[in-house]
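Student:
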Amino acid sequence: MYGFVRLTRDVEERLTILFRQSKVIGGLYRSLGQEGESVAAAYALEATDAVLPLIRNLGALITMGVRPRDIFAQYMAKGPSPSRGRDLNIHFTHLPHPGAKEPVLVGPISMLGTSIPVAAGIALAAKMRGERRVSLVFIGDGAMSTGTFHEGMNFAAVQKLPMVVIAEDNKYAYSTPTSKQFAVPSIDQRAASYGVPHEMVDGNDMPAVYAAVKDAVDRARAGRGPALIGVDTMRMSGHAQHDDMRYVPKALLDEWAKKDPVTRFRARLVEQGIATGAALDGIDRRMKRYAADEADLAEQMPMPDPAEVAAGVYHGDHSAPRVEIVRQWRS
Amino acid sequence: MAVVTYLEAIRQALFEEMARDERVFVLGEDVGAYGGAFKVTEGLQEQFGEHRVIDTPIAEAAIVGSAIGAAYMGMRPVAELQFIDFISACFDMLTNFAAKSRYRTGAGVPIVVRGPIGGGVGGGPFHSLNPEAFFLNTPGIKMVEPATPADAKGLLKAAIRDEDPVLFFEHKFLYRRLKEDVPEGDAAIVPIGRAAVRREGSDATIVTFGAMVQTALEAAKQLEHEGVGVEIVDLRTLAPIDRETVLASVAKTSRVLLLHEATLTGGIGGELAAIVAEEGFEYLDAPIARLGSVDAPVPYAPPLEAAFLPSAAKVVERVKALVKY
Ligand SMILES: Cc1ncc(C[n+]2csc(CCOP(=O)(O)OP(=O)(O)O)c2C)c(N)n1
Numbered sequence: 001m002y003g004f005v006r007l008t009r010d011v012e013e014r015l016t017i018l019f020r021q022s023k024v025i026g027g028l029y030r031s032l033g034q035e036g037e038s039v040a041a042a043y044a045l046e047a048t049d050a051v052l053p054l055i056r057n058l059g060a061l062i063t064m065g066v067r068p069r070d071i072f073a074q075y076m077a078k079g080p081s082p083s084r085g086r087d088l089n090i091h092f093t094h095l096p097h098p099g100a101k102e103p104v105l106v107g108p109i110s111m112l113g114t115s116i117p118v119a120a121g122i123a124l125a126a127k128m129r130g131e132r133r134v135s136l137v138f139i140g141d142g143a144m145s146t147g148t149f150h151e152g153m154n155f156a157a158v159q160k161l162p163m164v165v166i167a168e169d170n171k172y173a174y175s176t177p178t179s180k181q182f183a184v185p186s187i188d189q190r191a192a193s194y195g196v197p198h199e200m201v202d203g204n205d206m207p208a209v210y211a212a213v214k215d216a217v218d219r220a221r222a223g224r225g226p227a228l229i230g231v232d233t234m235r236m237s238g239h240a241q242h243d244d245m246r247y248v249p250k251a252l253l254d255e256w257a258k259k260d261p262v263t264r265f266r267a268r269l270v271e272q273g274i275a276t277g278a279a280l281d282g283i284d285r286r287m288k289r290y291a292a293d294e295a296d297l298a299e300q301m302p303m304p305d306p307a308e309v310a311a312g313v314y315h316g317d318h319s320a321p322r323v324e325i326v327r328q329w330r331s
Numbered sequence: 332m333a334v335v336t337y338l339e340a341i342r343q344a345l346f347e348e349m350a351r352d353e354r355v356f357v358l359g360e361d362v363g364a365y366g367g368a369f370k371v372t373e374g375l376q377e378q379f380g381e382h383r384v385i386d387t388p389i390a391e392a393a394i395v396g397s398a399i400g401a402a403y404m405g406m407r408p409v410a411e412l413q414f415i416d417f418i419s420a421c422f423d424m425l426t427n428f429a430a431k432s433r434y435r436t437g438a439g440v441p442i443v444v445r446g447p448i449g450g451g452v453g454g455g456p457f458h459s460l461n462p463e464a465f466f467l468n469t470p471g472i473k474m475v476e477p478a479t480p481a482d483a484k485g486l487l488k489a490a491i492r493d494e495d496p497v498l499f500f501e502h503k504f505l506y507r508r509l510k511e512d513v514p515e516g517d518a519a520i521v522p523i524g525r526a527a528v529r530r531e532g533s534d535a536t537i538v539t540f541g542a543m544v545q546t547a548l549e550a551a552k553q554l555e556h557e558g559v560g561v562e563i564v565d566l567r568t569l570a571p572i573d574r575e576t577v578l579a580s581v582a583k584t585s586r587v588l589l590l591h592e593a594t595l596t597g598g599i600g601g602e603l604a605a606i607v608a609e610e611g612f613e614y615l616d617a618p619i620a621r622l623g624s625v626d627a628p629v630p631y632a633p634p635l636e637a638a639f640l641p642s643a644a645k646v647v648e649r650v651k652a653l654v655k656y
């Protein structure tokens with residue numbers, strides 16, 4: 001779990017450099033300071049579960065085995081990227097062959113809230129076919145204000161579908177504070193009106209997130225219906241790279257800087273004697289080099305061929321590359 | 332008069348109309364202290380307060396729906412969609428509630444829903460939409476799309492004062508790229524429903540609007556070197572369409588290219604073609620030509636997006652074929 005969160009931060013740092021070099025097309029939306037919850041939540045899954053991430057859940061994809069080169073290639077709109085340059089950042093989908101021990105990954109569309117009903121549908125199919133698959137779907141404090149969130153949540157509750165929702169309270173939706181997003185005291189309480197079990201956890205405490213999600217996933221897998229877990233965290237960078245976050249009080253940032261999920265988890269591992277500082281340093285070095293090598297690989301990929309502009313709109317185009325899931329996933 | 336950008340012109344229209352009429356208010360995501368994702372509403376909340384410049388939750392149906400309700404009560408809401416693509420989330424509110432209200436009940440819905448449209452900036456499939464065709468088939472809704480700063484200001488002022496729901500499409504590619512002298516106060520108003528002739532010519536007409544006016548102008552300049560005089564009609568209002576101006580230009584040049592940024596099939600070009608064919612057939616010396624984007628979602632990678640969008644080179648080629656016919 002430590003390696004995954006480290007790698008997530010390294011990949012985003014590398015992306016920031018590529019962004020400054022104008023190699024990233026479009027925006028860059030980081031999950032700085034909140035990487036822990038994505039990694040820990042995905043870590044509680046089995047290899048064939050489904051993940052529906054949002055733009056700031058890169059950590060969940062990395063934990064499920066997506067290679068950094070695919071992420072870099074997407075951000076640079078390269079031809080061999082998972083969406084072949086047609087869509088951006090982590091907007092890509094991986095549907096494994098039936099029977100393959102691989103995760104179902106469904107990339108978001110930009111329209112917020114829309115992943116929730118789709119996650120419910122994946123869970124519905126699992127239930128109808130008697131499969132053990134759970135769908136884990138992420139949603140922000142802002143996106144929870146959409147109508148689609150409510151429709152999908154309610155349907156999953158009524159049907160007792162194996163769906164687990166991670167509701168991220170990272171304090172701001174773009175510049176809008178959570179106090180202007182909803183009027184209940186904490187984000188998880190919105191689940192109460194659907195009759196869905198819910199709880200709030202410290203999102204920067206990775207073992208705590210893991211434990212809560214594991215419980216909810218086990219319950220969902222056992223046929224006991226959906227759950228919503230609210231994670232208390234903080235977005236430590238702007239909405240995207242162009243946003244200087246002038247609207248965030250400095251004291252709030254200082255307070256959250258002390259709770260950085262990566263340093264916190266690292267200290268915990270050393271304190272409890274699970275790993276030595278030297279061993280963790282080794283992981284740090286390996287991950288940094290891995291991220292850099294993968295970025296170089298992606299940089300060398302060609303841009304898409306303009307002649308391909310209308311390919312793949314309808315059935316019959318089989319050339320779309322698949323995401324390769326790396327096998328060492330949680331071995 | 333002062334030289335301002337397309338974006339600043341929109342901001343001026345909002346300032347002036349809010350100052351003129353206290354029923355006018357603005358609502359949308361991050362429009363308050365932050366000043367909007369593109370900074371169109373910057374300074375507005377400082378000037379008019381939180382009760383007239385309202386930050387909303389991420390809930391487009393609530394934004395447009397509550398604008399409709401407030402309009403019923405005599406207010407003049409201007410709703411901002413952060414990107415026009417999110418108009419899909421308030422489709423019912425617009426097409427079923429707002430558009431049919433006057434016809435069903437006699438109750439008008441004087442709202443303006445505005446937002447950035449269009450591609451050319453690497454926005455990918457969910458931040459590059461040109462949605463006019465979705466609403467062209469919806470009687471009861473007006474649509475405007477300015478191509479210049481003066482029109483941006485003038486049409487927005489007219490839209491705010493209009494008694495019907497108006498969709499105001501701002502092309503984000505133009506926000507900071509265009510600058511011109513813009514009048515103040517009522518003198519700035521540009522009436523809804525009237526097209527403009529941007530450039531005179533006698534060999535062929537290009538009917539277009541929005542950012543494609545720039546593409547057409549660029550093409551016209553190249554064609555001039557080759558001795559082809561192009562007339563450019565800027566529709567400005569997409570619903571209702573100014574048929575007279577379009578037909579008058581076709582009568583003059585006898586050749587027409589219908590150009591828009593939205594994908595070709597089912598686009599506004601088809602409607603314009605039908606108008607020209609039905610009402611101007613005898614003027615024509617060549618078949619009507621249409622040029623739009625390639626029938627695909629808007630792709631993200633720059634080489635794909637360039638191949639997707641209509642370009643000056645493609646316009647030149649199509650006009651040459653028209654003239655040669
Ligand atoms: C339906 C819809 N409306 C508006 C937007 C524009 N938008 C993109 S991200 C964002 C803020 C999202 O906030 P939140 O859900 O809390 O996630 P966070 O960015 O904090 O991780 C907004 C308003 C959108 N993508 N979709």
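Protein chains in written order, with my numbering: chain W, 1 to 331; chain R, 332 to 656.
Ideal Cβ placement from N, Cα and C applies to all residues, glycine included.
#1: Run down chain R in chain order and give the residues with a C-beta less than 7 angstroms from the C-beta of L88/W.
#2: Could you tell me which chain R residues have their CB closer than 8 angstroms to the CB of Y25/W, listed as they occur along the chain?
#3: Scan the stretch 419-499 of chain R and note each continuous beta strand (DSSP E) run of 3 residues or more that stays entirely inside, going in chain order.
#4: Quick check: the stretch 120-138 of chain W against the stretch 158-175 of chain W, are there 3 or more CB pairs under 8 angstroms?
#5: Could you check what DSSP says for L566/R in three-state terms: helix, strand or coil?
#6: Shortest alpha-carbon distance to V231/W belongs to which of T148/W, D205/W, P185/W and R219/W?
#7: Does P641/R come out as helix, strand or coil in the three-state DSSP assignment?
#8: What are the residues of the stretch 382-394 of chain R that lie near chain W, defined by any Cβ-Cβ distance shorter than 9 angstroms?
#9: So, does the CB of H458/R fall closer than 9 angstroms to a CB anywhere in chain W?
#10: Roughly how many angstroms lie between the CA atoms of N89/W and A295/W, to the nearest whole one?
#11: Would you say H91/W lies against chain R (beta-carbon separation less than 9 angstroms)?
#12: Which residues in the same chain have their Cβ closer than 8 angstroms to the Cβ of V24/W, if we skip the five residues on either side of it in sequence?
#13: Per DSSP, what kind of secondary structure is R20/W in: helix, strand or coil?
#14: Regarding Y29/W and ligand 1, is the C-beta to nearest heavy atom distance less than 8 angstroms?
#15: Report the three-state DSSP secondary structure of K510/R (helix, strand or coil).
#16: Run through chain W and tell me which residues come within less than 9 angstroms of F417/R, C-beta to C-beta.
#17: Exposed or buried, Q378/R, counting other C-beta atoms within 10 Å across all chains shown (16 or more means buried)?
#18: Measure the alpha-carbon distance for M474/R versus D284/W and round it to whole angstroms.
#19: Output the distance between the C-alpha atoms of A278/W and A292/W, rounded to the nearest integer angstrom.
#20: Do you know offhand how far G439/R's Cα is from P641/R's?
#21: Pull the bridge partners of F657/R from the DSSP assignment, please.
#22: So, is the C-beta of M301/W closer than 9 angstroms to a C-beta in chain R?
#23: Do V513/R and A340/R come within 9 angstroms of each other at the CB atom, strictly closer than that value?
#24: According to a CB-to-CB cut-off of less than 8 angstroms, which residues of the stretch 607-629 of chain R neighbour chain W?
#25: When the Cα of V650/R is compared with those of D573/R, R508/R, G532/R and V629/R, which residue comes out closest?
#26: Exposed or buried, what is L252/W when buried is set at 16 or more other beta-carbons lying within 10 Å of its beta-carbon?
#27: Suppose you measure from the CA of M1/W to the CA of G59/W; what does that come to, to the nearest Å?
#28: Say the cut is 8 angstroms; is the CB of Q181/W nearer than that to a heavy atom of ligand 1?
#29: Of the residues that make up the stretch 355-367 of chain R, which ones have a beta carbon closer than 7 angstroms to any beta carbon in chain W?
Tutor: The structure says:
#1: Within 7 angstroms Cβ-Cβ: G455 and Y631.
#2: Before going on, a small fix: residue 25/W reads as Ile here, not Tyr. The answer, in chain order, is G453, Y631, A632 and P633.
#3: 443-448 and 473-475
#4: Contact holds: three or more Cβ-Cβ distances are below 8 angstroms.
#5: coil
#6: D205/W
#7: coil
#8: Within the stretch 382-394 of chain R, the residues whose Cβ lies closer than 9 angstroms to any Cβ of chain W are, in chain order, D386, T387, P388, I389, A390, E391, A392 and A393.
#9: yes
#10: 14 angstroms
#11: yes
#12: L15, L18, Y75 and M76
#13: helix
#14: Result yes, Cβ under 8 angstroms from ligand 1.
#15: strand
#16: S110, M111 and L112
#17: A residue is called buried when at least 16 other Cβ atoms come within 10 angstroms of its Cβ; Q378/R does not meet this threshold and is exposed.
#18: 55 angstroms
#19: 21 angstroms
#20: Straight-line Cα distance between these residues: approximately 37 angstroms.
#21: With chain R represented from 332 up to 656, any question about residue 657/R goes unanswered, as that position is not in the structure.
#22: no
#23: yes
#24: Residues V625, D626, A627 and P628.
#25: Looking at the Cα atoms, G532/R is the closest of the given residues.
#26: exposed
#27: 10 angstroms
#28: yes
#29: E360, D361, A364 and Y365
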